[in-house]
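Peer 1: Numbering (this note's numbering), first residue to last: 31 to 579.
Note that beta-carbon positions come from the ideal geometry of N, C-alpha and C, so glycine has one too.
Once you've had a glance at the structure underneath, I'll fire off some questions.
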Amino acid sequence: MFLRRLFTFALIGLLSVMLVWLAACALGSGGWSAGKILFLLCVLGTAPWAGLCAANALIGFAILLAARDPAGFVFGVDDPPLPMVPPRTAIAVTVRNEDMAEVVPPLRRLLDGLDASGHGVAFGLFILSDTQEPAAARLEEAAVEKFRAADPDPARIRYRRRAENTGFKAGNVMDFLDHHADGFEFFLALDADSEMSEDAVLRMLRAMAAEPRLAIVQHLVTGRPTTAALPRLFQFGMRAGMRVWATGQGWWQGDAGPYWGHNALLRVAPFREVCRLPKLPDGSEILSHDQVEAALLAGAGWKVRVLPAEAGSSEDNPPALPEFLRRDARWLAGNLQYFYLLAMPGFSLLGRWQLAQAILLFAGAPLYMAMFLLAAILAALGESVAAGPASVVILAWLGALYLPKLLGYVEVLVKPEEWRRYGGANRFLAGVLAEFFFILLLDAIGAVSKTFAIQRLLLGTRADWTPQNRADRGVSWWEATRMLWPHSLFGAMCFLGFSYGGWAVILWAMPLAGGLLVAIPLCVFTADPRLGTWLQQRGIASIPEELGR
């Protein structure tokens with residue numbers, strides 16, 4: 031494993047240096063100025079993340095093409111039969127002000143599947159509520175009672191609601207482990223919008239039973255079929271990118287893999303012992319608990335592995351852009367808390383890198399916005415870079431950042447059995463084009479939103495832990511304008527600067543500037559059910575589960 035990690039970090043370093051060198055050559059071709067030096071400093075700050083994206087993509091793509099069973103090869107744990115008496119496993123579902131009509135059916139399907147497999151007796155289901163509103167809590171209780179009444183073994187379904195939300199979701203889980211998990215060896219962590227098949231769960235259970243030092247098995251998670259346009263397009267691309275990313279990352283991280291907080295099987299005893307999270311120096315709770323817990327377990331000598339298989343593990347994505355941006359802001363606030371933890375004892379060197387990697391995921395957004403603004407200023411001052419070198423740099427950076435997704439698409443296209451699952455090569459390519467155009471616009475909006483979110487945190491605004499809206503909905507023009515007018519204003523200002531550089535500069539600036547200029551209509555149209563229906567009827571951005579394949 032040491033050689034794998036050495037190779038990976040060397041590859042990340044090489045790719046990062048190449049990107050910086052390309053940018054430096056392009057910037058320096060017409061002489062240096064203060065603006066160009068500032069631009070290059072921003073490049074230096076963002077290069078490690080771009081290098082990591084490209085390195086994970088290249089490794090993952092090679093494995094997906096070369097290995098007969100890529101997921102099993104990366105997972106690296108045997109798949110023997112379960113013991114005659116399977117280990118007792120709790121299914122722990124965390125909820126907070128959720129629509130139980132959406133929460134219960136996937137759990138019903140999972141229990142029915144486990145019963146049909148003959149292993150249902152080994153499982154107990156716990157619905158762990160942090161709902162505070164009494165009316166919502168009564169609806170939860172009624173839904174659980176109805177769920178229990180229809181089950182052949184009602185006693186295995188239990189509902190617990192906390193009076194105090196101490197520690198947020200991590201505290202909810204730890205409270206369950208402290209007071210309700212005795213007699214269970216493992217627990218399956220599910221979110222309210224999670225769905226897992228019995229085959230996926232039993233595959234993880236067999237691995238955990240066979241490997242006594244394995245503390246977490248994290249299954250790959252895909253998006254569930256949807257007609258809403260925004261999540262439909264987003265998760266079509268995310269599926270391709272995450273398959274490649276998780277395969278590549280799992281290969282070199284090995285026994286110190288990731289944990290994403292749900293759709294994972296965990297060993298009760300070590301998690302309860304090792305994963306009690308401290309408060310931060312300012313007294314606040316850790317929001318993004320999952321990667322911290324994985325790093326603590328790996329640091330204590332336990333194994334954390336990813337199973338990069340798609341089948342049987344899914345979740346919902348936010349139905350509209352306002353919810354999507356709020357989720358990003360919540361994740362950003364949690365990941366940036368890791369600055370406080372980098373020097374905390376209990377982590378291995380790789381664990382600290384994983385925390386730093388999570389920081390880089392969001393901390394680069396202000397640097398990208400600074401680069402965009404500097405490029406507009408340089409264009410307005412007549413200092414723009416020649417079109418040829420600039421084109422090479424832009425294509426190289428976009429290629430590096432989007433390489434996991436691009437190679438995920440290539441993998442499907444070179445495997446006829448895969449593109450058939452998407453309804454044919456033509457439909458798949460239509461989805462690729464629609465998603466890639468959409469994601470260029472969305473990422474520009476997301477980068478500005480992340481920058482504003484970081485600004486709010488620096489000014490002392492604490493992130494909240496509000497319930498999520500998961501239901502499909504429309505977005506009014508007023509709501510979109512109120513949220514996104516700063517994005518459009520920033521885009522218009524930058525576009526004005528780029529206009530001084532001529533048509534070539536404007537053309538290359540359009541992916542970012544265009545996304546910001548159309549942020550408001552994009553928000554409205556991608557929440558319009560008519561667009562989602564139009565995409566579905568034409569099979570654009572369809573996924574295999576939607577097509578029954």
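Can you tell me where the beta strand (DSSP E) holding residue 189 begins and where it ends?
Peer 2: Its beta strand (DSSP E) spans residues 187–191.
Peer 1: Report the residue from 56, 287 and 51 whose alpha carbon sits nearest the alpha carbon of residue 378.
Peer 2: Answer by Cα proximity: 287.
Peer 1: Report yes or no: do three or more beta-carbon pairs, one from the region 339–348 and one from the region 110–118, lie closer than 8 Å?
Peer 2: These segments do not touch.
Peer 1: In chain order, which alpha helix (DSSP H) runs of at least 4 residues are fully inside the region 86–137?
Peer 2: Runs found: 100–105.
Peer 1: Who are residue 357's beta bridge partners in DSSP?
Peer 2: None, per the DSSP bridge assignment.
Peer 1: Taking the beta carbon of residue 460 as the centre, do at least 16 other beta carbons fall within 10 Å, making it buried, or is it exposed?
Peer 2: Buried, since its Cβ has 16 or more Cβ neighbours within 10 Å.
Peer 1: Answer with buried or exposed for residue 47, where buried requires no fewer than 16 other C-beta atoms within 10 angstroms of its C-beta.
Peer 2: Classification for residue 47: exposed.
Peer 1: Would you list, in sequence order, the uninterrupted alpha helix (DSSP H) runs of no fewer than 4 residues that lie entirely inside the region 143–230?
Peer 2: List check, alpha helix (DSSP H) in window: 164–179 and 198–210.
Peer 1: Would you give the residue range spanned by the beta strand (DSSP E) that residue 298 belongs to?
Peer 2: From DSSP, residue 298 is part of no beta strand (DSSP E) but of the alpha helix (DSSP H) over 298–304.
Peer 1: Would you mind working out which of 573, 40 and 515 sits nearest residue 547, comparing C-alpha positions?
Peer 2: With distances taken between Cα atoms, residue 547 lies closest to 515.
Peer 1: For a quick check, are the C-beta atoms of residue 431 and residue 83 less than 7 Å apart?
Peer 2: Cβ distance < 7 Å, so residue 431 and residue 83 count as in contact.
Peer 1: Below 8 Å, can you find three or more Cβ-Cβ pairs linking the region 118–138 to the region 218–232?
Peer 2: With a cut-off of 8 Å, the region 218–232 and the region 118–138 count as touching, because enough Cβ pairs lie within range.
Peer 1: What residue range does the alpha helix (DSSP H) around residue 489 cover?
Peer 2: Counting along the chain, residue 489 falls outside any alpha helix (DSSP H), and DSSP gives it neither H nor E.
Peer 1: Determine the direct distance from the alpha carbon of residue 488 to that of residue 128, and round the result to whole angstroms.
Peer 2: Straight-line Cα distance between these residues: approximately 31 Å.
Peer 1: Taking 7 Å as the cut-off, decide whether the C-beta atoms of residue 370 and residue 311 are in contact.
Peer 2: Yes. Within cutoff.
Peer 1: What separation, rounded to the nearest whole angstrom, lies between the Cα atoms of residue 123 and residue 183?
Peer 2: Residue 123 and residue 183: Cα-Cα distance of roughly 18 Å.
Peer 1: Hey, is the region 288–301 in contact with the region 262–271, meaning 3+ C-beta pairs nearer than 8 Å?
Peer 2: Short answer: they don't touch.
Peer 1: Determine the extent of the beta strand (DSSP E) in which residue 246 is found, giving its start and end residues.
Peer 2: Element bounds for residue 246: 244–249.
Peer 1: Can you check whether the CB of residue 251 is closer than 7 Å to the CB of residue 147?
Peer 2: Contact: no.
Peer 1: DSSP three-state call for residue 505: helix, strand or coil?
Peer 2: Looking at residue 505 - three-state DSSP - the assignment turns out to be coil, as it is neither helix nor strand.
Peer 1: Under 8 Å Cβ to Cβ from residue 70, same chain only, skipping five residues before and after it: list those, please.
Peer 2: Excluding sequence neighbours, residue 70 sits near 50, 53, 54 and 57.
Peer 1: Within 10 angstroms of its Cβ, does residue 151 collect 16 or more other Cβ (buried), or is it exposed?
Peer 2: Flag for residue 151 reads exposed.
Peer 1: What does the alpha-carbon distance come out to for the pair residue 126 and residue 357?
Peer 2: Whole-angstrom Cα-Cα distance: 15 Å.
Peer 1: If you measure between the beta carbons of residue 75 and residue 397, is that distance less than 7 Å?
Peer 2: Yes, they are a contact pair.
Peer 1: At what residues does the beta strand (DSSP E) containing residue 345 begin and finish?
Peer 2: First-last of the beta strand (DSSP E) with residue 345: 343–345.
Peer 1: With three or more beta-carbon pairs closer than 8 Å as the criterion, would you say the region 85–96 touches the region 428–444?
Peer 2: A contact exists between the region 85–96 and the region 428–444.
Peer 1: Count the CB pairs spanning the region 199–219 and the region 167–187 that are closer than 8 Å, and state whether there are at least three.
Peer 2: Output reads no: the region 167–187 does not touch the region 199–219.
Peer 1: Could you give the distance in angstroms between the alpha-carbon of residue 332 and the alpha-carbon of residue 240?
Peer 2: Between residue 332 and residue 240, the C-alpha separation is close to 14 Å.
Peer 1: Taking only the alpha-carbon atoms, compute the straight-line gap between residue 549 and residue 99 and give it to the nearest angstrom.
Peer 2: Rounded to the nearest angstrom, the two C-alpha atoms are 42 Å apart.
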